[in-house]
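Numbering (this note's numbering), first residue to last: -15 to 237.
Put into structure tokens, the structure is as follows:
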């Protein structure tokens, strides 16, 4: 069972469990969305600078670095308590990695969990680490140079609905425009938009009633997103309906 914060995001996020039937504690199992995205655009993660917006507890950000060999990953979430969990999760998972040598590649999950329990989680070393987490509302913030880019890939998974409800139509347009400005030329934006019926459920009693008034003001619908993205400089280059929610990959023109 998960609990929702006042901003719409979930604590105790179950990661890939809700997409492919994995047990919630098997967070090292590659997220099905990342596997799918990498199959659509094979070079979208490897050796790339990635921004994971709405990173929650850091599972996706960590997998991008450890399992998909990103050059660097910056995870951002509006909830500072989730960022604290993300920091710890990354250090815990990376403590199990056998580092690469001149002759061999790194080996994820080489050391057993028992070794981490015995020796403890490693300390973070800025010069060695390539995963960073920042607590901010990325839509409106300009305070963190860490998330200013340029990035090669931006992920907005399970996020667009909450941005739309919180910031309205203009805020969503600004978000898409900021993504375009933050990406390097030829960079990719990956979104997993929720259907309109999901908005209606979100404002129901005991879920996110704080967004009921903003919901009434929304004119844009998920079907309008491709047009808005085109207006700010994106071309749709890949999509998939294989998972519970559709995945769309846009490229900066």
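For every residue, glycine included, the Cβ atom is placed at its ideal position computed from N, Cα and C.
Selection 187, 91, 143 evaluated against residue 197 yields 187 as nearest (Cα-Cα). In the three-state scheme derived from DSSP, where H, G and I count as helix and E and B as strand, residue 54 is classed as coil.
The continuous alpha helix (DSSP H) containing residue 155 extends over residues 144 to 166. Taking C-beta atoms as the reference points, residue 168 and residue 210 fail to come closer than 8 Å. In the three-state scheme derived from DSSP, where H, G and I count as helix and E and B as strand, residue 220 is classed as strand.
In its chain, beyond the 5 residues on either side, 90 have a beta carbon closer than 7 Å to the beta carbon of residue 83.
Scanning its chain for C-beta atoms nearer than 6 Å, with the 5 sequence neighbours on each side dropped, one finds around residue 33 the residues 55, 56, 135, 136, in chain order.
Contact between the stretch 21 to 32 and the stretch 65 to 74 is absent: fewer than three C-beta pairs spanning the two stretches fall below 8 Å.
In the DSSP assignment, residue 140 falls within the beta strand (DSSP E) that extends over 135 to 140. Rounded to the nearest angstrom, the Cβ distance from residue 20 to residue 226 is 6 Å, consistent with a contact under 8 Å. Taking residue 199 as the centre and dropping the five residues before and after it, the same chain places the C-beta of 149, 183, 187 closer than 7 Å to its C-beta, in chain order.
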